[in-house]
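Novice:
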């Protein structure tokens, strides 16, 4: 079957594809951070704090400045994705899925073009997941699309600790050293979460199993893993050995997936050079920010 495709989706037409690419990583898909959509360039995050807000009654109007309004700026960056793949291999996979087992049991894209874009979206989602956390933080993956949460937390928070290694023998102590940094308002707060990646979470499972809780622990799902009463949120994009403690509403990711800038193009190169290659290009915007640096703690290997 000959397959020829050349399509462009821009603005709202690109929305289903860009959303799939941006929002299907675990951190965004599971709501582990606060998502700000439709950020074109910058969005100001209002930060309200107070001191001695409740006072003994008097007839006078006192301390009108008891509430302090500060700001943090969430800035997104223009990003692109350029992919070139061989059409024939993907065509075979799509035909097999459409006529075989997948036809009855799985949701298969109705056309080859959507099948290709779905592949591209899965690759973008993984890369965005890692950039959200490790962006410009100097990790092994060298993710540099934009500043990630780990870099921003390290720059803005004074609640920081380090360790030489992360192993099954010291992972519990390392996590507890991060929790010990939390301000009083976050200690024991059910909204406070502990963030780690899959490799670190596996070390934690091993540590708990070694303490004799293997049967009970192995019955747990990722979503209700806990340490000292705090939920553990497993984010694949984090650096191995890094632990963050924060409330979800203090960690922000901004995206722009439905403006005129957002675009998805699929170009069949056989129309120009007779090759069997297909080029895919995406444009979108993403950025990260935290609210209060004083309300997030981090520990990492140094």
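In this note's numbering, the protein residues as written are 311 to 612. C-beta atoms are modelled at their ideal positions from N, C-alpha and C, and glycine is treated no differently.
#1: So, is residue 611 buried or exposed, given that buried needs 16 or more other C-beta atoms within 10 angstroms?
#2: Helix, strand or coil for residue 541, going by three-state DSSP, please let me know.
#3: Taking only three categories from DSSP, how would you classify residue 397?
#4: Between which two residues does the beta strand (DSSP E) carrying residue 594 extend?
#5: Alpha carbon to alpha carbon, how far is residue 495 from residue 518? Give it in angstroms, no decimals.
#6: If you drop the 5 nearest sequence neighbours on each side, which residues of the same chain put their C-beta closer than 7 angstroms to that of residue 290?
#7: Please work out which residues of its chain come closer than 7 angstroms, Cβ to Cβ, to residue 527, disregarding the five sequence neighbours upstream and downstream, and give them in chain order.
#8: For residue 569, is the classification buried or exposed, using 16 other Cβ atoms within 10 angstroms of its Cβ as the cut-off for buried?
#9: Determine the extent of the alpha helix (DSSP H) in which residue 509 is found, giving its start and end residues.
#10: Please identify the residue among 381, 370, 395 whose C-alpha is closest to the C-alpha of residue 601.
#11: For residue 368, count the other beta carbons within 10 Å of its own beta carbon; 16 or more makes it buried, fewer makes it exposed. Which is it?
#12: Nearest-angstrom Cα distance between residue 505 and residue 589?
#13: Is it buried or exposed for residue 467, if we count other Cβ within 10 angstroms and need 16 for buried?
#14: Please state whether DSSP places residue 605 in a helix, a strand or coil.
#15: Taking all protein chains shown into account, do 16 or more other C-beta atoms lie within 10 angstroms of the C-beta of residue 536, making it buried, or fewer, making it exposed?
#16: Can you list, in chain order, the residues of its chain whose CB lies under 6 angstroms from that of residue 541, leaving out five sequence neighbours each side?
#17: Do residue 460 and residue 444 have their beta-carbon atoms positioned less than 8 angstroms apart in this structure?
#18: Is the beta carbon of residue 485 less than 8 angstroms from the beta carbon of residue 560?
#19: Which residue marks the beginning of the beta strand (DSSP E) containing residue 566, and which one marks its end?
#20: Please confirm if residue 550 has its CB atom under 8 angstroms from at least one CB of chain B.
Specialist: According to the data block:
#1: Here residue 611 corresponds to residue number 301 of the chain shown, with the count starting at 1. It counts as exposed.
#2: Stepping through the chain shown from its first residue, residue 541 is reached at position 231. Looking at residue 541 - three-state DSSP - the assignment turns out to be strand.
#3: What you label residue 397 is simply residue 87 of the chain shown in a count that begins at 1. If DSSP states are grouped into helix, strand and coil, residue 397 belongs with the helices.
#4: In the chain shown, the residue the question calls residue 594 occupies position 284. In this chain, the beta strand (DSSP E) harbouring residue 594 covers 587-600.
#5: Indexing the chain shown from 1 puts residue 518 at position 208. Indexing the chain shown from 1 puts residue 495 at position 185. Computed Cα separation, rounded: 28 angstroms.
#6: Residue 290 cannot be examined here, being either before or after the span of the chain that is shown, 311 to 612.
#7: Looking up residue 527 in the chain shown gives position 217. Bear in mind that a pLDDT of 47 at residue 527, under 50, signals an unreliable position, so the number given afterwards is only what the model happens to contain. Around residue 527: 515, 518, 519.
#8: Reading the chain shown from its first residue, position 259 is the one you call residue 569. Classification of residue 569: buried, given that the 10 Å Cβ count is 16 or more.
#9: For this step, residue 509 is matched to residue 199 along the chain shown. It spans 508-518 - the alpha helix (DSSP H) in which residue 509 sits, taken as one unbroken run.
#10: Counting from 1 along the chain shown, the entry for residue 601 is found at position 291. It is 381 whose Cα lies nearest to the Cα of residue 601.
#11: Residue numbering aside, residue 368 sits at position 58 when the chain shown is read from its first letter. For residue 368, the number of other beta carbons within 10 angstroms of its own is below 16, and it is reported as exposed.
#12: Along the chain shown, read from residue 1 onward, the residue named residue 505 stands at position 195. Along the chain shown, read from residue 1 onward, the residue named residue 589 stands at position 279. Rounded to whole angstroms, residue 505 to residue 589 spans 36 angstroms at the Cα level.
#13: Residue mapping note: residue 467 aligns to position 157 of the chain shown, counting from 1. Classification of residue 467: buried, given that the 10 Å Cβ count is 16 or more.
#14: The count along the chain shown starts at 1 and reaches residue 605 at position 295. Correct three-state label for residue 605: helix.
#15: In the chain shown, counting from the first residue as 1, residue 536 sits at position 226. Taking every protein chain shown into account, the CB of residue 536 has fewer than 16 other CB atoms within 10 angstroms, so this residue is exposed.
#16: Locating residue 541 in the chain shown gives position 231, counting from the first residue. The residues are 503.
#17: The residue you call residue 444 lines up with position 134 of the chain shown. The residue you call residue 460 lines up with position 150 of the chain shown. Contact: yes.
#18: The residue labelled residue 485 in the question sits at position 175 within the chain shown. The residue labelled residue 560 in the question sits at position 250 within the chain shown. For residue 485 and residue 560, no; Cβs fall outside 8 angstroms.
#19: As a working mapping, residue 566 is identified with position 256 in the chain shown. In the DSSP assignment, residue 566 falls within the beta strand (DSSP E) that extends over 561-566.
#20: Among the chains of the structure shown, chain B does not appear; only one protein chain is present.
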